[in-house]
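Here's the structure we're looking at; comments come further down.
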């Protein structure tokens, strides 16, 4: 009642309260939407897959240009190993500040198979749509709509979410502070990695090499999606990750399935039998010891998990499948366990190119997610031992003809180095301040998640720099990251700018 | 000793015995090698996959041209259904002949995936090599070598063996007779089909529609490979064949394997588990009733099988795998049983395009080979019932969102009509005459095989025309038919011309 009166009084007098920092940042963004979107479209139009080193470098240089336009001093941090995509680093000192926050995002993206994208899309030709294209959205142009753009519109392109949205939100959050003359209270550093989607194989080396320059009190990692409810979230850890690829072998040349079927061994069958041996129908991994070294959740973490809104049923319906894995556990509970996922599987051809052959090989790519207590190398070894227990002779290089002729069950297994999981303590004071800062930008309670299901090389920061990390994502959860038709909801990009600006104003 | 004396006498007198028909045909072919090869290269250069209807028709018209050049009256036999690739038919009447032999080959080829062919090859750009490219052969040109060409050379192209070699051997066999003034003793008809690799879906219709024109005493089917020993063979039957394709379903859109791994069901795992349930590690099919309705081999057929040279160990070594399927049975024994082969399998991507996703679907193509007693539709039903017994709801069309959301295990199963196996009696008199005719062209004993492992729509000839069929293949066994890098050994093409000419001289 008092509030109403006050509002009436303010209206009567024609005086409005001075806008707070969040409002200023929002007004800046609203005024700048066309310019911000145009720059972001340029950023996502540059191919950024690991195999395309030239364009990956162009991406890094474009990010440097973005920093220079914002008055940020920038340089490239190289690994000792030649040819590694550099880290784009930047720094802004704040007079009198005693603490330093370093903002992380990555400018590289997942591999693309353009043939799998919708016909009207191309991974590196960003296009706008009035909503998700698989749920009624239509292609659209910003100029036709005019500002302000509908926040439910999407921009489709590889890395539109993962993780050029992170780069954009951080740099534009800083840009908004400068434009609005809001003074940061901490020293700010920027760290944009170029190998995250490859498993960050040179991150430890770069951190160790540039240790002094990277000194900070907290790393803020801007990657991944916000909560499925649309609520902002702050995440205290991430699963680790390691990829394995398996190839099993049949005859040296493809054989006519009539003239040899029943006699020559079929590698597709062998692979199916091998993969089937790894997991039961509930997704429970049957590799011996797979769950053995998991560190139990702390009471505080269990409490936080219990407070995360449970949208499982809504998400399941949206994703259109009948029954989740697990035995009744929730999504967030299951994300606190290690996983074994089949990313892809292939032997010869299906569809119009299928032929009546016994294939020569069959291959699968596995993705192992790790939780605290797991070790990437140890987890890979458990899977290799399981393969051996199925009767396989395991090699790491392409087998010789002699090996193929000798071993009835022969598997080539390759694994990336991968990295381990990490969790920051829920009661770390500076992390709590970040939660509070993010909370200033929204009315709905910020979701505090002990760990995300996805992976980030957070373990490496702890190991190399004894640094604290906290993850503050910006993307919509239905962004198709890592797959075809990746996109970002514009409203999430805009909200991300406010989030990053608010964290930069941390006391 | 007497023979030696006779030879000496012949040499002394300078007189040589008049060449027999086989020798005349051979001399003709030797003289014509460059012309024959040039024409054959033109034939295989025309794409002939089912999806490319324009080029398939061009292939048919080119075969007609080949027939006209040889003075054979020709016409196209259409199906009642519009758009079906026509049969290229031809006929040569022999004055006074009381019997008619009709020669069958097919001009269509298996689908191609050019990316899977060796870098130096392209499916419809025929090239010569000095031997098998995977065993030391080098690309070569006929003009550089000059005639006669080394019979161990190979010509690489789709359908170089399967089955344009059949078309070429039949038409050039006839051409040789005319050129050598050797009179056929039977009426000769020619029947070149354009849908064999699709499972001959309109063959029955065409046979029924043109029944009178196709009257004959014997069909000679020129398709498939000769024995692995290189010995010529005459085959009294073929396995039937029917293809099935399976698709199983996961989430409606690809999901980040970190954010959803352990919770969203993975269709690649589901498919692996389903395929693994179908066969054990010895290739024994575990689909209930799979072997139930097999007609046992007759004593004569068992005897013939026992006489087939056993090269299993040599072939196994050449194919480079360690252990054949089965429990000690020979290749020819196993080819007298029905089979279930995985032709191809795919879910998302492997290799450089692999991404950390939970795929939306996983698919496999199966090839069921049938033996006498099996029925194609019944065999497919057994597999479908097995899939249902694994807990699947089976649909035949792309499932709706509602179906995907309702059934935890959902499989789309499609099957082609396929066709049944066929076996001609080993004691059929005219068939025995064919064996004798083929034997006139070679010194090594002709292999008599009760059935081949591969499939031909022989069942349809019996059903529609009550016709007898016998199969006389020409291709080398290591021809990569149905796969990438298909090829024919030139010596096999030349020997095939002699084989076909000898059969045309049947009394």
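Protein chains in written order, with the numbering used here: chain Y, 12 to 518; chain C, 12 to 518.
C-beta: ideal position from N, C-alpha, C; glycine also.
### Task
May I ask you to verify whether the segment 76 to 85 of chain C touches the segment 56 to 65 of chain C, counting CB pairs closer than 8 Å and requiring at least 3?
Because the criterion of three Cβ pairs below 8 Å is not met, the segment 76 to 85 of chain C and the segment 56 to 65 of chain C do not touch.
### Task
Closer than 7 Å by C-beta to residue 84/C: which residues in its own chain qualify, once you throw out the five before and the five after it? Chain order, please.
Position 73 of the second chain, counted from the start, is the residue given in the question as residue 84/C. The residues 101 and 102, in chain order, have a CB closer than 7 Å to that of residue 84/C in the same chain once the five nearest residues on each side in sequence are set aside.
### Query
Near residue 305/C, what residues of its chain come up, given a Cβ to Cβ distance below 6 Å and the 5 sequence neighbours on each side ignored?
Counting from 1 along the second chain, the entry for residue 305/C is found at position 294. Counting only Cβ-Cβ distances below 6 Å, and skipping sequence neighbours, we find 382 and 384.
### Query
Expressed to the nearest angstrom, what Euclidean distance is found between the alpha-carbon atoms of residue 197/C and residue 485/C?
Residue numbering aside, residue 197/C sits at position 186 when the second chain is read from its first letter. Residue numbering aside, residue 485/C sits at position 474 when the second chain is read from its first letter. Rounded to whole angstroms, residue 197/C and residue 485/C show a C-alpha spacing of 21 Å.
### Task
Pick out whichever of 277/C, 170/C, 258/C and 512/C has its Cα sitting closest to the Cα of residue 135/C.
Looking up residue 135/C in the second chain gives position 124. Comparing Cα-Cα distances from residue 135/C to each of 277/C, 170/C, 258/C and 512/C, the minimum goes to 170/C.
### Query
Just the Cα atoms here: how many angstroms apart are residue 18/C and residue 507/C?
Locating residue 18/C in the second chain gives position 7, where the first residue counts as 1. Locating residue 507/C in the second chain gives position 496, where the first residue counts as 1. At residue 18/C the pLDDT is 49, less than 50, meaning the model places this residue with poor confidence; the figure from the coordinates comes in the next sentence. Near 29 Å, if we compare the C-alpha coordinates of residue 507/C and residue 18/C.
### Query
Who are the neighbours of residue 465/C on chain D, taking C-beta pairs under 8 Å?
In summary, chain D is missing from the structure at hand, where the protein chains are Y and C.
### Own chain, CB closer than 6 Å to residue 376/C, minus 5 neighbours either side, in chain order
As a first step, residue 376/C is located in the second chain; it is residue number 365 there, counting from the start. Cβ neighbours of residue 376/C beyond the five flanking positions: 256, 354 and 355.
### Query
For residue 499/C, which beta-bridge partners are listed by DSSP?
By 1-based counting over the second chain, the position of residue 499/C is 488. Beta-bridge pairing links residue 499/C to 166/C.
### Task
Could you check which residue in 360/Y, 466/Y and 407/Y has the C-alpha nearest to that of residue 379/Y?
The count along the first chain starts at 1 and reaches residue 379/Y at position 368. Checking every option, the nearest Cα to that of residue 379/Y belongs to 466/Y.
### Task
Give, in chain order, every residue of the segment 113 to 142 of chain Y whose Cβ lies closer than 7 Å to some Cβ of chain C.
Taking 7 Å as the upper bound on Cβ-Cβ separation, chain C lies near residues 121, 122 and 124 of the segment 113 to 142 of chain Y.
### Task
Please list, in chain order, all residues of the same chain as residue 299/C whose beta carbon is under 8 Å from its beta carbon, the five residues on each side excluded.
Reading the second chain from its first residue, position 288 is the one you call residue 299/C. Excluding residues within five positions, the ones whose Cβ falls inside 8 Å are 393, 396, 397 and 400.
### Query
residue 8/C lies in the alpha helix (DSSP H); which residues open and close that run?
It is not possible to answer for residue 8/C, since the shown part of chain C is limited to 12 through 518.
### Message
Looking at chain Y, is there any beta carbon in it that lies within less than 7 Å of the beta carbon of residue 263/C?
### Response
Reading the second chain from its first residue, position 252 is the one you call residue 263/C. So, interface residue.
### Task
For residue 512/Y, name the three-state secondary structure that DSSP assigns.
Along the first chain, one-based indexing puts residue 512/Y at 501. It is helical.
### Message
I'd like to check one pair, residue 259/Y with residue 281/Y: are the Cβ atoms closer than 7 Å?
### Response
Position 270 of the first chain, counted from the start, is the residue given in the question as residue 281/Y. Position 248 of the first chain, counted from the start, is the residue given in the question as residue 259/Y. When the beta-carbon positions are compared, residue 281/Y and residue 259/Y come within less than 7 Å of each other.
### Task
Give the DSSP-derived three-state secondary structure of residue 539/C in the structure shown.
Past the edges of chain C, shown from 12 to 518, lies residue 539/C, and the structure says nothing about it.
### Query
So is residue 332/Y in contact with chain C if we call contact Cβ pairs under 7 Å?
Counting from one through the first chain, the residue named residue 332/Y turns up at place 321. Closer than 7 Å to the CB of residue 332/Y there is at least one CB belonging to chain C.
### Query
Considering only C-alpha positions, which residue in the set 303/C, 286/C, 34/C and 48/C is nearest to residue 390/C?
Position 379 of the second chain, counting from 1, holds the residue named residue 390/C. It is 303/C.
### Query
Ordered along the chain, which non-local residues of its own chain (more than five positions away) have a Cβ less than 7 Å from that of residue 45/C?
Numbered from 1 along the second chain, position 34 holds the residue referred to as residue 45/C. Excluding sequence neighbours, residue 45/C sits near 153 and 158.
### Task
Rounded to whole angstroms, what's the CA-CA distance from residue 172/C to residue 425/Y? Just pull it up for me.
On the second chain, position 161 is the one that residue 172/C refers to. On the first chain, position 414 is the one that residue 425/Y refers to. If I take the Cα positions, the gap works out to 38 Å.
### Task
Reducing DSSP to helix, strand and coil, say where residue 154/C ends up.
Taking the first residue of the second chain as 1, we reach residue 154/C at position 143. DSSP places residue 154/C in helix when its eight states are reduced to three.
### Task
Pair every Cβ in the segment 333 to 352 of chain Y with every Cβ in the segment 414 to 425 of chain C, then say whether three or more of these pairs are closer than 8 Å.
Yes: at least three Cβ pairs fall under 8 Å.
### Query
Would you say residue 255/Y faces chain C, with C-beta separation under 7 Å as the test?
One-based indexing of the first chain puts residue 255/Y at position 244. Contact of residue 255/Y with chain C is not assigned, every C-beta pair being separated by 7 Å or more.
### Query
Assuming residue 187/C and residue 448/C make a contact with CB atoms under 8 Å, what is their CB distance in whole Å?
Looking up residue 187/C in the second chain gives position 176. Looking up residue 448/C in the second chain gives position 437. That pair is no contact at about 14 Å.
#### Entry: Residues of its chain near residue 54/C, where Cβ-Cβ distance is below 8 Å and the 5 sequence neighbours each way are ignored
As a working mapping, residue 54/C is identified with position 43 in the second chain. Excluding residues within five positions, the ones whose Cβ falls inside 8 Å are 70, 73, 74, 77, 175, 178 and 179.
### Task
Name the two residues that bound the continuous alpha helix (DSSP H) containing residue 66/Y.
By 1-based counting over the first chain, the position of residue 66/Y is 55. For residue 66/Y, the enclosing alpha helix (DSSP H) stretches over residues 64 to 80.
### Query
Is residue 181/Y helix, strand or coil when you go by DSSP?
Position 170 of the first chain, counted from the first residue, corresponds to residue 181/Y. Residue 181/Y sits in a helix when the DSSP states are folded into three classes.
#### Entry: Run of the beta strand (DSSP E) containing residue 246/Y, from where it starts to where it stops
To locate residue 246/Y, count along the first chain from 1; it is residue 235. From DSSP, the beta strand (DSSP E) with residue 246/Y extends over 244 to 246.
### Message
Less than 7 Å between C-beta atoms, sequence neighbours within five positions excluded: which residues of the same chain meet that for residue 321/C?
### Response
Here residue 321/C refers to the residue found at position 310 when the second chain is read from its first residue. For residue 321/C, the CB contacts under 7 Å within the same chain, skipping 5 residues up- and downstream, are 341 in chain order.
#### Entry: Euclidean distance between Cα positions of residue 475/Y and residue 286/C
Indexing the first chain from 1 puts residue 475/Y at position 464. Indexing the second chain from 1 puts residue 286/C at position 275. One alpha carbon belongs to residue 475/Y, the other to residue 286/C, and they sit about 46 Å apart.
### Query
So, helix, strand or coil for residue 253/Y, using DSSP?
Position 242 of the first chain, counted from the start, is the residue given in the question as residue 253/Y. In this structure, residue 253/Y counts as strand in the three-state DSSP scheme.
### Query
If you compare alpha carbons, which of 514/Y, 517/Y and 502/Y is closest to residue 241/Y?
Residue 241/Y sits at position 230 when you count from the first residue of the first chain. If we check each option's Cα against that of residue 241/Y, 502/Y comes out closest.
### Task
Leaving out five residues on either side along the sequence, give the residues of the same chain with a beta carbon under 7 Å from the beta carbon of residue 478/Y.
Position 467 of the first chain, counted from the start, is the residue given in the question as residue 478/Y. So the list reads 227, 230 and 472, once near-sequence residues are dropped.
#### Entry: For residue 241/C, the three-state DSSP class (helix, strand or coil)
Translated into positions along the second chain, residue 241/C becomes position 230. Looking at residue 241/C - three-state DSSP - the assignment turns out to be coil, as it is neither helix nor strand.
### Query
What do you get for residue 147/C, buried or exposed, if any count of 16 or more other CB atoms within 10 angstroms of its CB means buried?
On the second chain, position 136 is the one that residue 147/C refers to. Residue 147/C should be labelled exposed.
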